[in-house]
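The next block holds one structure in the form of structure tokens; read it before the comments.
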Amino acid sequence: MSHTLESPLLETLRAEYVALRERGLSLDLTRGKPSAAQLDLSNALLDLDLGADHRDAAGTDLRNYGGGDGLLELRRIFAELLGIPVAQLLAGNNASLQMMHDVVVHALLHGVPGGEPWVGRDAVFLCPSPGYDRHFAITQALGIRMVSIPYLADGSLDLPSIERHLADPAVKGMWLVPQYANPTGSSVDETTARALAAMPAAADDFRIFWDNAYAVHHLTDDEPAPLDILGLAAEAGHPDRFFVFASTSKITQAGAGVAFFASSPANIDWYRHHTSVQTIGPDKLNQLRHARFFGDAEGVRAHMRAHRALLAPKFALVERILGERLTGHATWTHPTGGYFVTVYAPARTATRAVELAKSIGVAVTPAGAAYPYDDDPHDSVIRIAPSMPPEADLAQAIEALCVCVLLAEAELGA
Ligand code: PMP
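Quick note: the sequence shown, position 51, residue 51 per UniProt numbering, numbers continuous.
Encoded structure:
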């Protein structure tokens, strides 16, 4: 189409886009990394000197091998925060994602309690979507078939669809971020949790990977206590259904924190057995540093409020700009915790909008990444991670992204 025939709107947006390109931006909204100011909140961890006192409360020298369950003092703190009995919560190394990967591998090779190895048969994971791309990367890499379960319009899980799929014995697992989900910010309420715990499943060895990565990452005064998911599961007669994961990655230092695994006594024994083949014990000195740094559960809560003071203004900024620029064109989530805002751009524009943004120096998570096999059926979802850039950069990046969404929409109509 020749330039002269273009609609005035398209022309205006093109001009805005060219002006943005001339600014030579270099901005990144891709990964939900804590900002430097957030990381500074935990600098005391770097200065903690364990030289004089490297024993736990029971007097064990933590410089040595052993202690596979993790440091009891730290497990107590996170047992309280996650609402899990301490005997059912283990502290490990630096990455919950690695635990999730290893649990899937153990399940594939050895089977979970009460089941045969998943390998060599059609094994399926249900994937509420939009979801966390790195979850989907694990199951894809390990040859597990993924089935996308779109969230309902109100952001809740499609329980009837999940229940229908569970009639298929091939369905062995489900990914789920129960609190402030990545990327929708939605949380599972108690009724939904009870339904998930009680739902009949054709596979006795069906497991829900309950990744509570954002359990304490509140952005408002409302600080809901975690659901007692293991208690609910036991009550419902499926005590072994949930594998629970969490970590301090977005509490202290991302990649240098402590990860946690929790489950039923039978699953904990199973996990202990397999990890004892992999390692002679986790990094207990890092666990000790974390226990000393926090002191107690209230110490973690206070620390998270300091994160909130840095993060909440950024989320408010994103909300304001999206409201100004995209009202009537797109919808988006209004998270009260976690790390992400999901924009639902007009259908068939997300890929183009992300591509337009990239060409003017604004990096956004690839369109489709929040779906299994990168397949967003409406090509609509764009994930925004506001934590990392300083506010001035964030404002520029969101403004630019909005222009790209509008331009992609206008091109479609042209
Ligand atoms: N789960 C979710 C839902 C996440 O968003 C992230 C970090 N982006 C992780 C797990 C990674 O956690 P870790 O650093 O403990 O591997």
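Each residue gets a CB set at the ideal place from its N, CA and C atoms; glycine is no exception.
Computed from a predicted structure; not experimentally measured.
Name the DSSP bridge partner or partners of residue i?
i, result
"ASP158", "Paired residues: none, contrary to the question."
"PRO128", "ILE149"
"HIS238", "The partner list for HIS238 (beta bridge, DSSP) is empty, contrary to what the question assumes."
"ASP211", "PHE245"
"LEU27", "VAL362"
"ARG55", "ASP61"
"HIS218", "GLY337"
The beta strand (DSSP E) spanning residue i covers which residue range?
i, result
"ILE149", "145 to 150"
"GLY173", "171 to 176"
"ARG289", "No beta strand (DSSP E) contains ARG289, which is instead part of the alpha helix (DSSP H) from 284 to 294."
"PHE260", "259 to 262"
How many whole angstroms separate the CB atoms of residue i and residue j, which I take to be in contact at a CB cut-off of 8 angstroms?
i, j, result
"ASN286", "VAL318", "Not quite, the Cβ-Cβ distance comes to about 33 angstroms (not below 8 angstroms), so this is no contact."
"SER262", "GLN88", "In the sequence on display, residue 262 carries Ala and not Ser. So it is a contact: roughly 5 angstroms between Cβ atoms."
"LEU81", "ALA297", "5 angstroms"
"LEU13", "LEU407", "4 angstroms"
"ILE398", "LEU322", "7 angstroms"
"ALA385", "GLY32", "4 angstroms"
"PHE260", "LEU27", "Not really, about 34 angstroms apart at Cβ, beyond 8 angstroms."
"TRP307", "LEU41", "One detail in the question is off: residue 307 reads as His in this sequence, not Trp. Sure, about 7 angstroms apart at Cβ, within 8 angstroms."
"ARG348", "ASP375", "In fact, because the Cβ distance is near 14 angstroms, the residues do not count as touching under 8 angstroms."
"VAL112", "TRP270", "7 angstroms"
"VAL216", "ARG301", "7 angstroms"
"GLU411", "PRO346", "That belief does not hold up - the Cβ atoms of GLU411 and PRO346 are roughly 11 angstroms apart, past 8 angstroms."
"THR342", "ARG383", "6 angstroms"
"ASP129", "PRO390", "Reading the sequence as shown, one finds Ser at residue 129 and not Asp. Contact doesn't hold; Cβ gap of about 31 angstroms is too wide."
"PRO34", "LYS250", "6 angstroms"
Alpha carbons only, please: which of the options is nearest the one belonging to residue i?
i, options, result
"LYS314", "GLU11, GLY24 and ALA37", "ALA37"
"GLY67", "LEU46, ASN93 and ALA44", "ASN93"
"GLY368", "LEU48, SER387 and ALA353", "ALA353"
"TYR151", "THR349, THR333, ALA408 and ALA385", "THR333"
"LEU46", "LEU356, ARG289, ALA306 and VAL364", "ARG289"
"PHE209", "GLU324, SER7, SER96 and VAL405", "SER96"
"PHE245", "ALA234, LEU142, GLU235 and SER264", "SER264"
"TRP175", "MET100, LEU356, GLY255 and PRO8", "MET100"
"VAL188", "SER7, LEU227, ARG121 and SER387", "LEU227"
"residue 437", "ASP211, THR139 and GLY237", "Nothing in the structure corresponds to residue 437, since the chain is present only between 1 and 414."
"GLY361", "LEU394, PRO377, ALA137 and THR336", "LEU394"
"THR30", "TYR373, THR191, GLY413 and TYR339", "TYR339"
"ARG194", "CYS404, PHE242 and LYS358", "PHE242"
"PRO224", "ASP240, GLY255, ARG320 and PRO178", "PRO178"
"ALA312", "PRO335, GLY328 and ARG207", "PRO335"
"GLY231", "PRO200, MET304, ALA291 and GLU190", "GLU190"
"HIS329", "GLY413, ILE251 and THR275", "GLY413"
"LEU72", "ALA58, PRO34 and GLY83", "ALA58"
"THR252", "GLU391, PHE294, ASP221 and ASP222", "PHE294"
"VAL171", "GLY185, ILE149, SER186 and GLY155", "ILE149"
"THR248", "MET146, ARG272, ASP211 and SER276", "ASP211"
"ALA197", "TYR214, GLU163 and ASN182", "GLU163"
"ALA256", "LYS284, PRO128 and TRP118", "LYS284"
"ILE268", "MET388, ASP69 and GLY143", "ASP69"
"LEU142", "ASP158, ARG305, GLY83 and VAL103", "VAL103"
"TYR17", "LEU356, VAL277 and PHE125", "LEU356"
"SER359", "LEU25, ALA123, ALA44 and HIS135", "LEU25"
"HIS303", "PRO366, ALA44, ARG145 and ARG134", "ALA44"
"ASP222", "GLY299, THR365 and ARG305", "ARG305"
"VAL124", "ALA213, ALA107, ASN182 and GLU6", "ALA107"
"VAL277", "HIS110, VAL147, LEU10 and ARG55", "HIS110"
"SER161", "VAL147, SER186 and PRO117", "VAL147"
"ALA202", "CYS127, THR220 and HIS165", "HIS165"
"LEU159", "CYS127, ILE138, ASN182 and TYR180", "CYS127"
"THR331", "SER387, PRO366 and VAL405", "VAL405"
From which residue to which residue does the alpha helix (DSSP H) around residue i run?
i, result
"ARG325", "297 to 326"
"ILE268", "265 to 278"
"ALA195", "190 to 198"
"PRO8", "8 to 22"
"LEU46", "43 to 47"
"GLN140", "133 to 141"
"GLN38", "36 to 40"
Using 8 angstroms as the limit for Cβ to Cβ distance, is residue i near chain D?
i, result
"LYS172", "Annotation note: the requested chain D is absent from the structure, which comprises a single protein chain."
Would you mind listing the alpha helix (DSSP H) stretches within the segment 61 to 110 that are 4+ residues and don't spill past its ends, in chain order? 72 to 82 and 96 to 110
Threshold first: 3 residues or longer. Then list the beta strand (DSSP E) segments lying entirely within the segment 321 to 398, N to C. 341 to 344 and 381 to 384
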